[in-house]
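Below you'll find the structure, written out as C-alpha cells, and then a few comments.
Protein chains in written order, with the UniProt record's numbering: chain A, 1 to 315; chain B, 1 to 286; chain C, 1 to 323.
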C-alpha cells in the first residue's frame, strides 16, 4: 500500500513538474507587456526599465523559470502586478469562497446524483427512468451561467428570498447564515455535474445488476432492497467514486463562470480577471494551485478506490 | 459497421426523443443555410426607437438594447454555432485520432504521448481554453482552436483505448505476423471499427463545444463582440435581465436545445454500439 | 418432493413469443440426484432458473405448468418470498464460481447473509454457523478464510464457498448448474463427490445440470435428457445407459470419451441444436437424426416406455421396449 502511494505520488509530482513548465511557457506566450499594463502608455523608458529589473523580467526565460520554481518551493508565489500584494495572500482571500462553494456543490451532487440514479436504475424501463434520464441529459446540456442568471432573476430579483450576488465571509457578521449567499451558486454549479453522476450511477447499477453474483444474492432469499443496496449499489459506487476526479475538474471550469455570474470573490473569478489584467504572477500562481489540487484529489480518489476494491493489488 | 442508412433509421424509430433531436438538428442546419431568406431584418439593423421591446408580431423574439431584432440574430447565430461545432469536431478528430492510433501501434511513442495528454488533462478545460485565447488573440477561429485543443485530449484517449483493444484482437495480430504494413492494418482493421465510437464521441464533442463556446463568449473572450453568436447575445443582454428577461431566453434556449439534441443522438448511437467500447465513452468530457 | 409438471417457459411477447422450455416434467426425491443432460441451448439452465424463481423478468416467464415443493406451489415465487411464506428452500450453485461471488464482500459475510435469513440467527452465532458450513465443504482454516475475499481463493475453493452459501439456505433441493465445467479435472472429482455426500448428510435432493453424460453416470440416480426445450428421454441411470431409446441419447453417449477404447475418436452428432421456436412441428431432433423418416418432421412422437420408469419421445426408438 505504502509503495503504491509513493509510486502514485511520484507520478503526480512528475505531472506537476511538467504542468509547471507548461504554465510558465504559456504565460510568457501571452502577447502584451505587463509593464505597460501597469504603468500605462505614457511611462518613460527609464521607468519601464527600472520596473522590468525590479520584477526580474529582464532575465532569460529559463532563469526566470528556475527563479520562479525556487520561490514557489519556499512558499512564495510572487507578487501581483495589479494588487502589489503577495499572490499567496490573494489566493488565500479567495480560497474560503471557492472551497465552501466546492464543498456545498459536492454535497448537492452526491445527495441528488446518487439516490436519483439509484431510483432510475431500479425503475429501469419505466417512464420514471426515462423521465429522470431525460431530465439529467437536459441538465447536462444547459450552460451554467444561463441557469444562474434565471435563478437570480426568480429567487433574488423577483421573489427576494435570496441574495443575488457577493459573499461575505462566514467569519464576519452574519456567521454561518452567510452560507445562503452560496445557495444559488452551488445549485447552479451542481446541476450539470449531479446530472452526470446520476447517469453514471444509473448506468453502472444496470451493468452490475447483470452480474452473476447478483443472481447468487437473490438466490439466497434476501430481500430485493438489500440486494440493491448491499450488492448492486456497493459495486456500482466503485465507478462513481473513480468519476469524482474528473467531476472535480469539471467543477473548477464551471466555477470560473459561476463565480463570475454571482460576483463571488473566489479563485475562479480571480483567474478570469487576472487574465484580462495580464497579471502574470497571479495567473501562474492560481493555475499552479488548481493543477496541484486536481492532482491531489485524483491521488486521493485512486487510493480510496484501491481501498474500496479488494481485487486491486496493494503491493 | 453501418454500410447502409437503414439500421440508423431503425435505431431512431425506437427512440422518439432522439428522433426529435435529429429533427431539431436538421431544422438548425436549414435555418443556418437559409438565414438570409428566413429573416425580415438584417441582424445588425439598429432601431433605436424600438429598444428592448418585448416579443410582438413584428419582432417575434423582441429586440435588444440597440433595437436589433432578436429573432434575426438567433437565426444568424445558428450559423456560428454550426461553424464552431464542425470546426471543433474536425480539429479534435484530425489531431486526436492520429495521436491515439499511433500511440496504440507504437507503445514507446504511446507512453510519451499519453503522458502528455495526462498533463494537458490536469488543466481545467475552460481555463486552458481561456489561456489559449489570450495567447492567440480573440477571434472565432481561435475560439475553435482553443476548444478543439481541449477535446483533442479526450478524443486521443478514446481512440487510444479503442485501437489498443483492436490491436490485441487476434485478427489484427494475424495480419501483423503475415507481414502486413502498419498502414494497411490501420486502413483495413482499425479505422473501420473506429467509425462508430468516433461518431458517438463527435456528437458529444459537438454538444460540449456549444457550451464551451457560450462560456467563452460570456466571459468576453469568445467570438468578437460584434459577431451575433448566442453566447454573445447572452453576455450583452445580461444586465437587462430584469427589464427584458426574454432577451436572454431565446439564445439560451437555442444553446440548450442544440446541446440536448446532440447528446440525445450521441446517447442513442452509443447504446447501439459494440459493448466492448461502450464503457470508454462515458458522457464525461466537459 | 419437488414436482415440476408440464413447465412452459416463454420469451418475447405477442407474435414474437417463443417457448424456450416446453412441457417439461420431472420429480426430485430426497437423497436422490437427478441429472438433467443436454447441449448448450437445450433449455436446461432456463429450467433451473424457473425452478429457483429467478427467471429474468420480463424477458422470460412461466407460461404454463407448475412447480411444487412438498405440496406448496412455488411457481414464479422468488426466493425471498419463499422465505417469507415459509415454503421450502431451493438453492443453486452456478457454473462460474469466478463471477458468482460478490468481489468486494468477504466470503464470511456472504455466507452469514444467507444464514441470517434462513436461521434467523445473528452476530457470533451466525458467524459460527458460517464457519461450520465452510468446514463441511472442506475448506481448510475455515475460521481464517471467513475474512478472505473471493479473488484470494482458487476456483475449486470458490465453488465450495458457493456450496456453503447454498447449504446455509437449508435447502430441500440443491440445483447444481454445470458446477464443475469451469474447474480443473482433479478438482472436478472432489467437488462431485462432495455434492454426492452432502446430498445424504443434508437429506436433500439434487438437480444436477450438465452436458456431460460421463459426469451423470458417476453421480446421478436418474437422468432426464433435454433437447430443444423438451425432455426426450428419462429413466434410471443404468437402464438409460444400457438401453438408450432415443437416438439423441445414444448420440450423446457416443460423444463420451471411453478410456478403455484408447485413442478412438468419438463420434459427434452432426449439425446444431435448434434455436427456440425454429422447429414447431414433429420431432425437434429430426433434422439431425440418422433414423429420421418423413413422419418425424410432421407428427409429434408418442411416448415409448421401457419398464415403469424409463421412457422416451420417439417414432423410431433404438431399442423398442414394451409399449
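By construction, the Cβ of each residue, glycine as well, lies at the ideal position given by its N, Cα and C atoms. All values derive from a computational prediction rather than experimental measurement.
Consult DSSP for residue 403(C) and reduce its assignment to one of helix, strand or coil. For residue 403(C) there is no data in the structure shown, the boundaries of chain C being 1 and 323.
Please identify the residue among 14(B), 189(B), 204(B) and 184(B) whose C-alpha is closest to the C-alpha of residue 169(B). 189(B)
Along the chain, which unbroken stretches of the beta strand (DSSP E) at least 3 residues long are found entirely within the region 105 to 193 of chain C? 173 to 177
Taking the runs of the alpha helix (DSSP H) that are 4 residues or longer, which of them lie wholly in the region 78 to 149 of chain A? 87 to 108, 114 to 122 and 127 to 140
Selection from 22(A), 260(A) and 233(A) that minimises the alpha carbon distance to residue 120(A): 233(A)
Name the chain A residues whose beta carbon is nearer than 8 Å to that of residue 173(C)? Simply none; closest approach about 12 Å.
Round the Cβ separation of residue 198(A) and residue 116(A) to the nearest angstrom and send it over; I've been treating them as touching at under 8 Å. 5 Å
Going by the CB atoms, is the gap between residue 312(C) and residue 211(C) shorter than 7 Å? no
Is residue 67(C) near residue 83(C), with beta carbons less than 7 Å apart? no
Chain-ordered chain A contacts of residue 215(B) [CB-CB under 9 Å]: 143, 144, 145, 253, 254, 256 and 257
Residues in its own chain within less than 7 Å of residue 103(B) by CB, not counting five upstream and five downstream? 109, 110, 113, 114 and 160
Confirm, please, whether the CB-CB distance from residue 97(A) to residue 288(A) is below 7 Å. no
Rounded to whole angstroms, how far is the Cβ of residue 247(A) from the Cβ of residue 176(A), which I believe are closer than 8 Å? Not confirmed; about 26 Å, so no contact.
Between residue 271(A) and the rest of its own chain, which residues show a CB-CB distance below 6 Å, the 5 nearest in sequence each way excluded? 286
Need the endpoints of the alpha helix (DSSP H) that residue 227(C) sits in, please. Unbroken run through residue 227(C) is the beta strand (DSSP E), 222 to 227; no alpha helix (DSSP H).
Per DSSP, which residues does residue 313(C) bridge with? Please list them. 303(C)
Endpoints, the beta strand (DSSP E) within which residue 324(C) is located: With chain C covering only 1 through 323, there is no way to say anything about residue 324(C).
Comparing C-alpha positions only, which one of 273(C), 111(C), 153(C) and 225(C) sits nearest to residue 125(C)? 111(C)
Sorted by chain position, which residues of the same chain lie with C-beta nearer than 6 Å to residue 235(A)'s C-beta, five sequence neighbours on each side aside? 208
Out of 317(C), 273(C), 277(C) and 280(C), state which residue places its alpha-carbon closest to the alpha-carbon of residue 293(C). 317(C)
Determine which residues of the region 221 to 235 of chain A have a Cβ less than 7 Å from any Cβ of chain E, and write them out in chain order. Among the protein chains in the structure shown, which are A, B and C, there is no chain E.
Quick check: residue 181(B) and residue 266(B), are their CB atoms within less than 7 Å of each other? no
Determine the contact status of residue 159(A) and residue 180(A), defining contact as a CB-CB distance below 7 Å. no
Name, in chain order, the residues that DSSP records as bridge partners for residue 61(C). 10(C)
What are the boundary residues of the beta strand (DSSP E) that includes residue 19(C)? 18 to 28
Under 7 Å Cβ to Cβ from residue 268(B), same chain only, skipping five residues before and after it: list those, please. 11, 12, 15 and 18
If you draw a straight line from the C-alpha of residue 210(B) to the C-alpha of residue 171(A), how long is it? 40 Å
Rounded to whole angstroms, what is the Cα-Cα separation between residue 143(C) and residue 131(C)? 6 Å
Counting contacts by CB-CB distance shorter than 7 Å, is residue 291(A) in contact with chain B? yes
With 9 Å as the C-beta to C-beta threshold (strictly closer), list the residues of the region 255 to 268 of chain B near chain A in chain order. 255, 256, 257, 258, 259, 260, 261, 262, 263, 264 and 267
Could you tell me whether the Cβ of residue 77(C) comes closer than 7 Å to any Cβ of chain A? no
Applying the 10 Å Cβ sphere with the 16-neighbour rule, what's the burial state of residue 254(A)? buried
Pick helix, strand or coil for residue 266(B), following the three-state DSSP scheme. helix
Contact set between residue 135(B) and chain A, taken where Cβ atoms lie within less than 8 Å: 26, 29, 30 and 31
On a CA-only basis, which of 12(C), 153(C) and 2(C) is nearest residue 276(C)? Give me that one, please. 12(C)
Cα-Cα, which of 213(A), 140(A) and 100(A) is closest to residue 96(C)? 213(A)
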